[in-house]
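**Student:** Take this structure first; my questions come after.
Residue numbers (the numbering used here), protein chains in the order written: chain A, 368 to 824; chain B, 303 to 380.
Right under this line is the structure:
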């Protein structure tokens, strides 16, 4: 049944984004908030709001019982998890469904299957998606890890079988490294996820990170083309583009079709992203993982395909069929998103929570600023540092970079340190402009002092 | 009596992880560069240094609790 009362189990800019989509669909938006978040923008935009606990996420946004209680008390008929927090928790999905509500996203079984790296890899392989050479199953002993590593070949990447988000990954260049790092990875995984199982795969040198946006209605899936997200610092994306100019048409078509095949093979329902490593030299791509939720960088895919992905995921969750066929989805121009974080790029990206004393958003055709700020807003220190996303849509990549450079000069956020100077330097950098970068590019660029040299603000 | 203040808002921790002992206890000799605690701010942990030599008296802030910028975290006997 179509959703009528949607509870948003998240905060920050994505809560604002979901409320806007809900309102366009005529759905009542119910916003949860922690004691530290009563002043946030999403609370004032929502039709209904309800406090779900203390400032620490474990007492509020990560507390399943509190979120379900709030949904019941406010008569919600559906829950949107956003990204982060409980967005990839099968336990949460089950709790929502058990409470008689609709979960805006895939089934708990799909979340579990794609959330575990080993079963995700098996599922991808079965659907015909290329995978990086790696361990067949989870590894529990260091000796097994050493034997398997010599078969796969060094350098090798060691990951926790559970968990995600790029944290805790180690790269071993030889067996000595492996014997030092594997026990660390094991105890870290056990502490963080309650599961010390490891997983290993060959480390591809200087790959690009390319991902495909898909939406499924439980039967059929479509893609909204690819995104290029190689500019990363500490494995966190910084600057994202749609599409990936480095791909030729045949590779792009193959890449996007494998993502759709994977989604259809699990009867995927909702918005999702299939992530790949891409080796520019060999033009080969390999499956990394599937994120079973909406992502931070979804707006660039929306701009190049003229689609509202958040509305689409709400509609299919309510039982509708996809509103489009693959042939309906046309790609126009090029889009770029940069993440505006409350961090000081000149001080090793030290977080900088503070009060927004002045806010001026850039204007103009093809410019969008998704955020949760207003003048006088005190940013709480308890959550991540993302303040918003500046997004531009240009005729082509060069036009988009020019638009981004201009929009960045028009964006003013006072009272805080932000990553705006980083993006100004990137937009004016010859390497970024030529598109010749990969996932190992940004950190050496920062270490070489390019930010200080190129600083204009 | 020298006080150690929080340089920024966040959550204060007096130990490196839940299993370990507190960085300092009453009577410990402390040098200026010693870490006495951590502040978690926007998912990043920042080490808090004593900033002065002396003898540790006690923590003032509670472990795992929110603190504001400028709040007293601990005190030293000069």
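All C-beta atoms, glycine included, are put in the ideal place defined by N, C-alpha and C.
Quick one: using the 10 Å Cβ neighbour count with 16 as the cut-off for buried, is residue 572 (chain A) buried or exposed?
**Tutor:** By 1-based counting over the first chain, the position of residue 572 (chain A) is 205. Residue 572 (chain A) should be labelled exposed.
**Student:** Counting only beta-carbon separations shorter than 7 angstroms, does residue 312 (chain B) have a partner in chain A?
**Tutor:** Your numbering for residue 312 (chain B) matches position 10 in the second chain. Residue 312 (chain B) counts as touching chain A.
**Student:** Exposed or buried, which one is residue 735 (chain A) when buried takes at least 16 other CB atoms within 10 Å?
**Tutor:** Within the first chain, residue 735 (chain A) is the residue found at index 368, counting from 1. It counts as buried.
**Student:** Do residue 757 (chain A) and residue 774 (chain A) count as a contact pair if the criterion is CB distance below 7 angstroms?
**Tutor:** By one-based count along the first chain, residue 774 (chain A) stands at place 407. By one-based count along the first chain, residue 757 (chain A) stands at place 390. Going by C-beta atoms, residue 774 (chain A) is nearer than 7 angstroms to residue 757 (chain A).
**Student:** Should residue 327 (chain B) be flagged as near chain A, meaning a C-beta pair shorter than 7 angstroms?
**Tutor:** Taking the second chain and counting its residues from 1, one reaches residue 327 (chain B) at position 25. So, not an interface residue.
**Student:** Under 7 angstroms Cβ to Cβ from residue 553 (chain A), same chain only, skipping five residues before and after it: list those, please.
**Tutor:** For the purposes of this step, residue 553 (chain A) is taken as residue 186 along the first chain, with counting starting at 1. Excluding sequence neighbours, residue 553 (chain A) sits near 563, 565.
**Student:** Say whether chain A places a C-beta atom closer than 7 angstroms to the C-beta of residue 316 (chain B).
**Tutor:** Numbered from 1 along the second chain, position 14 holds the residue referred to as residue 316 (chain B). Output row for residue 316 (chain B): interface = no.
**Student:** Going along the chain, which residues of the stretch 328-357 of chain B sit with their C-beta nearer than 7 angstroms to a C-beta in chain A?
**Tutor:** Here the close residues are 343, 344, 345, 346.
**Student:** For the stretch 751-766 of chain A, which residues have a beta carbon sitting closer than 8 angstroms to at least one beta carbon of chain B?
**Tutor:** Taking 8 angstroms as the Cβ-Cβ cut-off against chain B, the residues of the stretch 751-766 of chain A that qualify are 751, 752.
**Student:** Note the first and the last residue of the continuous beta strand (DSSP E) segment covering residue 623 (chain A).
**Tutor:** Taking the first residue of the first chain as position 1, residue 623 (chain A) is located at position 256. Residue 623 (chain A) -> not in any beta strand (DSSP E); alpha helix (DSSP H) instead, spanning 616-632.
**Student:** Quick check: the stretch 330-343 of chain B against the stretch 685-699 of chain A, are there 3 or more CB pairs under 8 angstroms?
**Tutor:** Contact fails: fewer than three Cβ-Cβ distances are below 8 angstroms.
**Student:** Could you name the residues of chain A that residue 368 (chain B) contacts, counting a contact when the two beta carbons are closer than 7 angstroms?
**Tutor:** As a first step, residue 368 (chain B) must be located in the second chain, where it is residue number 66. In chain order: 422.
**Student:** Under 8 angstroms: do the stretch 396-408 of chain A and the stretch 715-734 of chain A share three or more Cβ pairs, one atom per stretch?
**Tutor:** Judged by Cβ distances under 8 angstroms, the stretch 396-408 of chain A makes no contact with the stretch 715-734 of chain A, as fewer than three pairs qualify.
**Student:** Counting C-beta neighbours from all protein chains within 10 Å, is the total for residue 604 (chain A) 16 or more, i.e. buried, or is it exposed?
**Tutor:** Position 237 of the first chain holds residue 604 (chain A). Under this definition residue 604 (chain A) is a buried residue.
**Student:** Can you check whether the C-beta of residue 720 (chain A) is within less than 7 angstroms of a C-beta belonging to chain B?
**Tutor:** Counting from one through the first chain, the residue named residue 720 (chain A) turns up at place 353. True, the Cβ-Cβ gap to chain B drops below 7 angstroms.
**Student:** Determine the contact status of residue 788 (chain A) and residue 712 (chain A), defining contact as a CB-CB distance below 7 angstroms.
**Tutor:** Counted from its first residue, the first chain places residue 788 (chain A) at position 421. Counted from its first residue, the first chain places residue 712 (chain A) at position 345. Yes; because the gap between Cβ atoms is below 7 angstroms, this pair is in contact.
**Student:** Residue 709 (chain A) touches chain B at which residues, Cβ-Cβ below 9 angstroms?
**Tutor:** The residue given as residue 709 (chain A) occupies position 342 in the first chain. Those are 344, listed as they occur along chain B.
**Student:** Do residue 471 (chain A) and residue 447 (chain A) have their C-beta atoms closer together than 7 angstroms?
**Tutor:** Within the first chain, numbered from 1, the residue matching residue 471 (chain A) stands at position 104. Within the first chain, numbered from 1, the residue matching residue 447 (chain A) stands at position 80. Yes; because the gap between Cβ atoms is below 7 angstroms, this pair is in contact.
**Student:** Since residue 658 (chain A) sits in a beta bridge, which residues does DSSP pair it with?
**Tutor:** Sequence index remark: in the first chain, residue 658 (chain A) carries index 291 (1-based). A:640, per the DSSP bridge assignment.
**Student:** Compare the C-beta of residue 712 (chain A) with all C-beta atoms of chain B and state if any pair is closer than 7 angstroms.
**Tutor:** Here residue 712 (chain A) refers to the residue found at position 345 of the first chain. Taking Cβ atoms only, chain B never reaches closer than 7 angstroms to residue 712 (chain A), which makes this a no.
**Student:** Is the stretch 576-584 of chain A in contact with the stretch 787-803 of chain A, if contact means three or more CB pairs nearer than 8 angstroms?
**Tutor:** Too few Cβ pairs lie closer than 8 angstroms, so no.
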